[in-house]
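Peer 1: Remember, our numbering sits 329 above the position in the sequence shown when you count from 1.
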Amino acid sequence: MRSKSRTAAGSPGCAVLVFTLLVTWKRGRDMVLRRLRETALPLAPFVTALLEDPPLRVPGTAIFMTPMPTGCPRPAAQPQAQQGAARACVILNVRYAEVPYVPADDQLEMMKLAEGFYHVSSAMDSWMTSTFPRPWRNAPAAWS
Numbered sequence: 330m331r332s333k334s335r336t337a338a339g340s341p342g343c344a345v346l347v348f349t350l351l352v353t354w355k356r357g358r359d360m361v362l363r364r365l366r367e368t369a370l371p372l373a374p375f376v377t378a379l380l381e382d383p384p385l386r387v388p389g390t391a392i393f394m395t396p397m398p399t400g401c402p403r404p405a406a407q408p409q410a411q412q413g414a415a416r417a418c419v420i421l422n423v424r425y426a427e428v429p430y431v432p433a434d435d436q437l438e439m440m441k442l443a444e445g446f447y448h449v450s451s452a453m454d455s456w457m458t459s460t461f462p463r464p465w466r467n468a469p470a471a472w473s
């Protein structure tokens, strides 16, 4: 009589391994996001410091991604005394909408924080996963 052989994908050990991996990843991601929120600088003091002591500017555009819509990522706020700050610095927050489609007018919100510093919030729907640049078509003109 033949015994049924189990494949690796069908074994309970594989399911436990995948489950453990995913739970560990989620827990670690939550810890990193919590740490980022705790150490994030509020935008208001950052803008005030920029207006009081504007940094030296160098050509180019720097984009700093952040998961928080109201915080400033550390690399954007660190002193740029030796390298200087890019002519256009963008703090980018991408959020995923809970709807299948976000109208074009609601996909991109830009706010000028100070001369050459912008906060951009982009809303992505489930149809935009492969076409992320779509809301950015007119953005570079606003940064100059």
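We treat Cβ as the ideally placed atom computed from N, Cα and C, and that holds for glycine.
(1) Taking the continuous beta strand (DSSP E) assigned at G389, which residues delimit it?
(2) Determine the closest residue to Q436 out of V376, V419, S451 and T377, with distance taken between C-alpha atoms.
(3) Between V352 and L346, what straight-line distance do the alpha-carbon atoms span, to the nearest angstrom?
(4) Let me confirm a value: Y447 is counted as buried when at least 16 other C-beta atoms fall within 10 Å, else exposed. Which label applies?
(5) Leaving out the 5 sequence neighbours to the left and right, which residues in its chain are closer than 8 Å to L442 when beta-carbon positions are compared?
(6) Span of the beta strand (DSSP E) holding E381?
Peer 2: This is what the structure holds:
(1) If you number the sequence shown from 1, residue 389 lands on position 60. It spans R386 to M394 - the beta strand (DSSP E) in which G389 sits, taken as one unbroken run.
(2) Position 107 of the sequence shown holds residue 436. Residue S451 is the option with its Cα nearest to Q436.
(3) Along the sequence shown, one-based indexing puts residue 352 at 23. Along the sequence shown, one-based indexing puts residue 346 at 17. Taking the straight line from one Cα to the other gives about 10 Å.
(4) Position 118 of the sequence shown, counted from the start, is the residue given in the question as residue 447. With 16 or more other Cβ atoms within 10 Å, it is buried.
(5) As a first step, residue 442 must be located in the sequence shown, where it is residue number 113. So the list reads L372, F375, V376, L379, I420 and H448, once near-sequence residues are dropped.
(6) Within the sequence shown, numbered from 1, the residue matching residue 381 stands at position 52. Careful: E381 lies outside any beta strand (DSSP E), inside the alpha helix (DSSP H) at L372 to E381.
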